[in-house]
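Its first residue numbered 447, the sequence shown is counted upward by one per residue in our numbering.
Every residue, glycine too, gets a C-beta built ideally from N, C-alpha and C.
One structure below.
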Amino acid sequence: GLGERTILIGHSMGGMVVQKYLERTPAPAAVLMCSVPPSGLMWSSLQLMWRDPMLWMEMGVITHAGPQYGSRSLARRALFSPDAPDAVVDRLMNRAQEESSRVLADLTWADLPAVTLVRRTPLLVLGAEHDALVPPSEVLETARRLGAECEIVPRVAHVMMFEPGWDRVARRVAEWLARQGH
């Protein structure tokens, strides 16, 4: 294990990594940010396809062909709120890497976490008002299934920790952890 005082924080796919870890080993506390839901990515993907078919297709291309096929416009629509500066979008795009097809398959329908085991750990589930990939409805459902406290952070999107307002997100996590005694 990681140690008995370890606090886990996972974002997006990392949120599923945290859920899978908690399935085996409880932790003092954990935070899931714009996390893949415990039910996997299938429903989120279908919602995106219905809401914005063009974005869904473009995301499929960059997921399978690589981020070099993306654009600032695509990154902004998929990951950022309207307030994010172009420089921030460009910086993140320059660091983007190809996604693992196997991991995406696992996140879609295979190897999903045992919710009853994840629930042993106190959890905060955070979502983003403008998240195109894991919409607020999915975040609320994640919190409900995991018996967790939940908040949808206004004026941010999927990469909330890189956007203007990241300090509100960090403050919210710190306040929740303090209430948990950490």
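Supposed contact pair residue j and residue i - C-beta distance, whole angstroms, cut 8 Å
i: residue 571; j: residue 585; result: 6 Å
i: residue 506; j: residue 555; result: Contact flag wrong, Cβ pair sits at about 16 Å.
Cross-strand partners of residue i (DSSP beta bridge)
i: residue 587; result: Paired residues: none, contrary to the question.
i: residue 479; result: 457 and 572
i: residue 599; result: 574
Close-in-space but distant-in-sequence residues of the same chain around residue i (CB under 6 Å, 5 per side omitted)
i: residue 494; result: 502
i: residue 591; result: 484 and 561
i: residue 479; result: 457 and 572
i: residue 526; result: 535 and 603
i: residue 559; result: 465, 466, 469 and 484
i: residue 399; result: Here the chain covers residues 447 to 628 and nothing more, so residue 399 does not appear.
i: residue 430; result: Outside the shown range of the chain (447 to 628) lies residue 430, about which nothing can therefore be said.
i: residue 530; result: 609
Spatial neighbours of residue i in its chain, beta-carbon cut-off 7 Å, leaving aside the 5 residues before and after
i: residue 623; result: 453 and 475
i: residue 463; result: 456
i: residue 451; result: 474
Contacts around residue i, its chain only, beta-carbon distance under 8 Å, and the 5 residues preceding and following it disregarded
i: residue 498; result: 523 and 578
i: residue 489; result: 483 and 584
Backbone secondary structure at residue i - three-state DSSP
i: residue 611; result: coil
i: residue 456; result: strand
i: residue 463; result: helix
i: residue 527; result: coil
i: residue 514; result: helix
i: residue 484; result: coil
i: residue 567; result: coil
i: residue 471; result: coil
i: residue 547; result: helix
i: residue 579; result: coil
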